[in-house]
Every structure is written in structure tokens, then in C-alpha cells.
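Residue numbers for the sequence shown follow our numbering, beginning at 107 and rising by one.
Idealized CB from N, CA, C, for every residue including glycine.
Predicted model only: the values in this text are computed from it and were never measured.
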Amino acid sequence: MASNLDMECAKLGAQLGGPRDEKTLTDALSVLEEQGVYAFFLYLSQKNDRRQVVDLCRNFLKDHLPGGFGANNDDAFKATQGIAGDIDKLLLARDLLRQSLIYGRYHAKARASSGGNQ
Numbered sequence: 107m108a109s110n111l112d113m114e115c116a117k118l119g120a121q122l123g124g125p126r127d128e129k130t131l132t133d134a135l136s137v138l139e140e141q142g143v144y145a146f147f148l149y150l151s152q153k154n155d156r157r158q159v160v161d162l163c164r165n166f167l168k169d170h171l172p173g174g175f176g177a178n179n180d181d182a183f184k185a186t187q188g189i190a191g192d193i194d195k196l197l198l199a200r201d202l203l204r205q206s207l208i209y210g211r212y213h214a215k216a217r218a219s220s221g222g223n224q
């Protein structure tokens, strides 16, 4: 597990935040905060062009949650069920995703205002 999770969230945010992604990241953040981790993955999975975001977030949680985030072939429902029994792990997953999305929004804004060069 990384020693500085905030920095790891910033790295993920940089990968997520393209110049045209601010609205999607804002919407995903709203879903995450209002409905939870599973709804977040479900929301992004139904968007055909956001499969990469789902994969990045799942891999991030696999690498940074104690005990990982499901097996490689688990869908988001099974992976979320796996951590749902441990409220601390579920809340940590939510917090890590939230912080990554916030950083992603900042990166998206910066890239949009600079013409996509950051």
C-alpha cells in the first residue's frame, strides 16, 4: 500500500482528467457521493466511452485498498460486495475515488484552459 494515498489519488486524477472530461467527472462524483461505490461504477460502465475510467479506478482500488478490490474477473458488483462487509474499507474506497475525481476535475479544467497541453 502506498505511503501517501493523497499523492496516489492525484496521479489517478491526472490520468482521468482530459480536457473534455470535466462534466463526466463531475457527474460521476455526484453519483459516488449520493449513491455509493457500486452506483459510481454502474454509472460509468453504462457510458460506452468511459470504460477506461472504470478500469483505471478498479485497478487503483485493487492496488491501494487493503486486501484489494475483487478478483481480476469480478465485475464491480462482486468487487463491491467483497468490501461491503468491512465499512472501513468501503468508506476508504469511496474517499479514495472521491479525491481522485476531484483532482481529475482540476486537471480537466487546467487542460481545457490551456488547450489540452497539461
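Collapsed DSSP secondary structure at Ser206 in the structure displayed: helix
Mapping the DSSP letters down to three states, classify Ser220 as helix, strand or coil. coil
Using beta-carbon positions only, say whether Leu73 and Leu135 come within less than 8 Å of one another. The chain is shown from 107 up to 224; residue 73 falls before or after that span and cannot be answered.
Go ahead and pull the three-state DSSP assignment for Arg126. coil
What is the DSSP secondary structure of Lys117, reduced to helix, strand or coil? helix
Cβ shell of Ser151 (< 8 Å), same chain only, five flanking positions each side left out: Arg157, Val160, Ala182
With a cut-off of 8 Å on the beta carbons, I'd call Ala185 and Arg164 a contact; round off their distance for me. 7 Å
N-terminal and C-terminal residue of the alpha helix (DSSP H) that Arg164 is part of: 157-170
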